[in-house]
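Number of protein chains: 2
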Amino acid sequence: MGKVKVIGATTSLFCTRIEWALKLKGVEYEYIKEDLRNKSPLLLKYNPVHKKVPVLVHDDKAIPESLVILEYIDETWKEYPLLPQDPYERAMVRFWARFADDKRWSSSSFTQCVFGAWGACRAEGEEKEKAIQSAKESLALIENQINGKKFFGGEQIGFLDLVIGWMCRWLEVMEKVGGMKLLDPQRFPVLYEWAQNFMEVPVISECMPPREYLVNYFQASLSYLSSLSANKQ
Amino acid sequence: MGKVKVIGATTSLFCTRIEWALKLKGVEYEYIKEDLRNKSPLLLKYNPVHKKVPVLVHDDKAIPESLVILEYIDETWKEYPLLPQDPYERAMVRFWARFADDKRWSSSSFTQCVFGAWGACRAEGEEKEKAIQSAKESLALIENQINGKKFFGGEQIGFLDLVIGWMCRWLEVMEKVGGMKLLDPQRFPVLYEWAQNFMEVPVISECMPPREYLVNYFQASLSYLSSLSANKQ
Chain R
1 MGKVKVIGAT TSLFCTRIEW ALKLKGVEYE YIKEDLRNKS PLLLKYNPVH KKVPVLVHDD
61 KAIPESLVIL EYIDETWKEY PLLPQDPYER AMVRFWARFA DDKRWSSSSF TQCVFGAWGA
121 CRAEGEEKEK AIQSAKESLA LIENQINGKK FFGGEQIGFL DLVIGWMCRW LEVMEKVGGM
181 KLLDPQRFPV LYEWAQNFME VPVISECMPP REYLVNYFQA SLSYLSSLSA NKQ
Chain S
1 MGKVKVIGAT TSLFCTRIEW ALKLKGVEYE YIKEDLRNKS PLLLKYNPVH KKVPVLVHDD
61 KAIPESLVIL EYIDETWKEY PLLPQDPYER AMVRFWARFA DDKRWSSSSF TQCVFGAWGA
121 CRAEGEEKEK AIQSAKESLA LIENQINGKK FFGGEQIGFL DLVIGWMCRW LEVMEKVGGM
181 KLLDPQRFPV LYEWAQNFME VPVISECMPP REYLVNYFQA SLSYLSSLSA NKQ
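Order-wise, the sequence lines are chains R and S. Number 233 marks the last residue of the first sequence (full-length UniProt numbering); no jumps. Number 233 marks the last residue of the second sequence (full-length UniProt numbering); no jumps.
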């Protein structure tokens, strides 16, 4: 099987998906916690281009970029396949995974950051409303992909569930920090039910960072950003 | 084999890679030229989320996003494999393909657009120098991946060659429009030689849009953008 390490950070929603995939496939790994404010020589060695987590290290071969890592995991360990077999279904999963990731960390549009949720935390007034609206439009598009199934992957958790799974904790945290509701069970009953089903799987919920830890982290980030912008004025 | 259509546009460097892949695999297809200033109902039907070219339509199933399309083509038609077999090598190809695409159309940074080349066309003075510098840094990283081989794919053209192949024409066009040199044979001898090898393959060069057509198009775009910014002042 070879030695497997994951370089990650608790607050990064890109890292949890890697741990979920390895756990679902029964692959043992060592988790190396990275301090993102003071990046380690190990991270800089293994991801010199982007200098970002997560990085998967398998027998000293390093693979950065979470979507690339997920494909590598699925191709290397065949138990519990994450992508469907049919090429068209695989293409659709890859399309929506990229959509979800682009919408999530789109640095080109402040309001769309983390599906609009982080933008909505930071913005006020009309800007905040716009970000909330944008988040809800993206959630509606994503919800459509469940299409009567229990998970995006069908009867069991698949690739897209892992890519979108951060919502079940981070979105709730953003809602609390930003004082708003995004994943409203009335407006998105199917996605809301999916989130319940997803969190009921022990491998998934055990790997989620504690809610209060993330709330404190994002509240502190928000205060810091506010102080920066207050100093500018 | 089923009916295959490509919805594309001559000026889009994302589309040519799809035609190359189909031609290398011997897949016949119908090319549907899209007018990007007046998008057709067909495009809006087949790519309602992004409304962008290229779209591959295979037996009425539509697949948007060029990297997703390339994977679909490689999985559907097995002749002339584009991705390597080894999972780690596949991961590295996917990593550099995403790097190349992100660097190319990074809307977050104007100067980095098209590997910095389009940014360098539009900018002046210090900004232009910065864009040129950024382009050269990216080219150096990409050049390292050839690693003594004839093509990125080895002895024959592979996935990454198709993703980066636009350089052999578009970069040259940008250099002419912007009055600068980026792919300098002295500075990048390996990448320069790769470009010669790539363009010598008939399937590749036959599909490249005519140089003068692109020069006229990008010169007109530049004039239009200049007039817009002159009107603002």
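Cβ atoms here follow ideal geometry from the backbone N, Cα and C, with glycine treated the same way.
CB contact below 9 Å: residue i versus chain R
{"i": "S/Phe99", "result": "yes"}
{"i": "S/Lys61", "result": "yes"}
{"i": "S/Ile69", "result": "yes"}
{"i": "S/Ala140", "result": "no"}
{"i": "S/Glu127", "result": "no"}
{"i": "S/Lys150", "result": "no"}
{"i": "S/Ala91", "result": "yes"}
{"i": "S/Ile18", "result": "no"}
{"i": "S/Pro87", "result": "yes"}
{"i": "S/Glu75", "result": "yes"}
{"i": "S/Arg94", "result": "yes"}
{"i": "S/Val215", "result": "no"}
Cα-Cα separation, residue i to residue j
{"i": "S/Asn144", "j": "S/Pro48", "result": "38 Å"}
{"i": "R/Leu222", "j": "R/Ile164", "result": "23 Å"}
{"i": "R/Ile146", "j": "S/Ser66", "result": "24 Å"}
{"i": "S/Pro202", "j": "S/Asp74", "result": "20 Å"}
{"i": "R/Leu36", "j": "R/Ala9", "result": "7 Å"}
{"i": "S/Lys128", "j": "S/Cys15", "result": "28 Å"}
{"i": "R/Leu83", "j": "R/Ile157", "result": "10 Å"}
{"i": "S/Leu162", "j": "S/Tyr192", "result": "16 Å"}
{"i": "S/Pro178", "j": "R/Asp184", "result": "Here the sequence assigns Gly to residue 178 of chain S, which means Pro is not the residue at that position. For S/Gly178 and R/Asp184, the distance between alpha carbons rounds to 50 Å."}
{"i": "S/Ser107", "j": "S/Phe115", "result": "In this predicted model, S/Ser107 has a pLDDT of only 43, less than 50, meaning its place in the structure is not dependable enough to derive any value."}
{"i": "S/Trp118", "j": "S/Met174", "result": "6 Å"}
{"i": "S/Thr11", "j": "R/Lys5", "result": "44 Å"}
{"i": "R/Glu30", "j": "S/Ala220", "result": "55 Å"}
{"i": "R/Ile63", "j": "S/Val53", "result": "30 Å"}
{"i": "S/Ile32", "j": "S/Ile7", "result": "5 Å"}
{"i": "S/Leu22", "j": "R/Pro87", "result": "16 Å"}
{"i": "S/Glu137", "j": "S/Glu71", "result": "28 Å"}
{"i": "S/Val57", "j": "R/Glu89", "result": "14 Å"}
{"i": "R/Leu228", "j": "R/Asp102", "result": "26 Å"}
{"i": "R/Leu13", "j": "R/Ser134", "result": "20 Å"}
{"i": "S/Glu155", "j": "S/Asn197", "result": "11 Å"}
{"i": "R/Pro210", "j": "S/Ala131", "result": "42 Å"}
{"i": "S/Ala120", "j": "R/Val190", "result": "47 Å"}
{"i": "S/Ala230", "j": "R/Lys39", "result": "44 Å"}
Beta carbon proximity, residue i to chain S, threshold 9 Å
{"i": "R/Pro54", "result": "no"}
{"i": "R/Met1", "result": "no"}
{"i": "R/Pro84", "result": "no"}
{"i": "R/Leu228", "result": "no"}
{"i": "R/Val27", "result": "no"}
{"i": "R/Glu65", "result": "yes"}
{"i": "R/Tyr72", "result": "yes"}
{"i": "R/Val49", "result": "yes"}
{"i": "R/Lys45", "result": "no"}
Residue interval of the beta strand (DSSP E) (run including residue i)
{"i": "S/Pro41", "result": "Taken as a continuous stretch (DSSP letters only), S/Pro41 belongs to no beta strand (DSSP E), being part of the alpha helix (DSSP H) at 41 to 46."}
{"i": "S/Lys23", "result": "From DSSP, S/Lys23 is part of no beta strand (DSSP E) but of the alpha helix (DSSP H) over 16 to 24."}
{"i": "S/Glu30", "result": "30 to 33"}
{"i": "R/Lys51", "result": "It is not in any beta strand (DSSP E) - R/Lys51 carries neither H nor E in the DSSP assignment."}
{"i": "S/Lys5", "result": "4 to 8"}
Extent of the continuous alpha helix (DSSP H) to which residue i belongs
{"i": "R/Tyr72", "result": "66 to 76"}
Below-9 Å beta-carbon distance, residue i vs any chain B residue
{"i": "R/Arg122", "result": "Protein chains in the displayed structure are R and S, and chain B is not among them."}
Nearest candidate by alpha-carbon position, reference residue i, set the options
{"i": "S/Cys207", "options": "S/Gly125, S/Leu228, S/Leu182, S/Trp170", "result": "S/Trp170"}
{"i": "S/Tyr80", "options": "S/Arg98, S/Phe159, S/Lys232", "result": "S/Phe159"}
{"i": "R/Glu124", "options": "R/Phe151, R/Glu71, R/Met180", "result": "R/Met180"}
{"i": "residue 235 of chain S", "options": "S/Trp20, S/Leu13, S/Ile7, S/Met1", "result": "Past the edges of chain S, shown from 1 to 233, lies residue 235 of chain S, and the structure says nothing about it."}
{"i": "S/Arg122", "options": "S/Ser138, S/Tyr224, S/Met1", "result": "S/Tyr224"}
{"i": "R/Lys3", "options": "R/Ser134, R/Lys61, R/Leu214, R/Lys78", "result": "R/Lys61"}
{"i": "R/Gly153", "options": "R/Val93, R/Phe218, R/Ala131", "result": "R/Val93"}
{"i": "S/Lys51", "options": "S/Ser134, S/His58, S/Asp59, S/Pro41", "result": "S/Pro41"}
{"i": "S/Thr76", "options": "S/Lys232, S/Phe95, S/Gly26", "result": "S/Gly26"}
{"i": "R/Lys176", "options": "R/Leu43, R/Phe218, R/Glu200", "result": "R/Phe218"}
{"i": "R/Leu214", "options": "R/Gln186, R/Arg187, R/Ala195, R/Met167", "result": "R/Met167"}
{"i": "S/Ile18", "options": "S/Met1, S/Lys45, S/Leu44, S/Val55", "result": "S/Val55"}
{"i": "S/Lys149", "options": "S/Ala195, S/Glu126, S/Phe95", "result": "S/Ala195"}
{"i": "R/Met199", "options": "R/Arg98, R/Glu172, R/Leu139", "result": "R/Glu172"}
{"i": "S/Trp96", "options": "R/Val68, R/Ala97, R/Ala100", "result": "R/Val68"}
{"i": "S/Lys78", "options": "S/Met1, S/Phe151, S/Ala140", "result": "S/Met1"}
Practice item. With a floor of 4 residues, list each alpha helix (DSSP H) that falls wholly inside the UniProt domain "GST C-terminal" (86 to 218) of chain R, ordered by position along the chain. Key: 87 to 104, 117 to 122, 125 to 143, 159 to 164, 172 to 178, 189 to 199, 202 to 207
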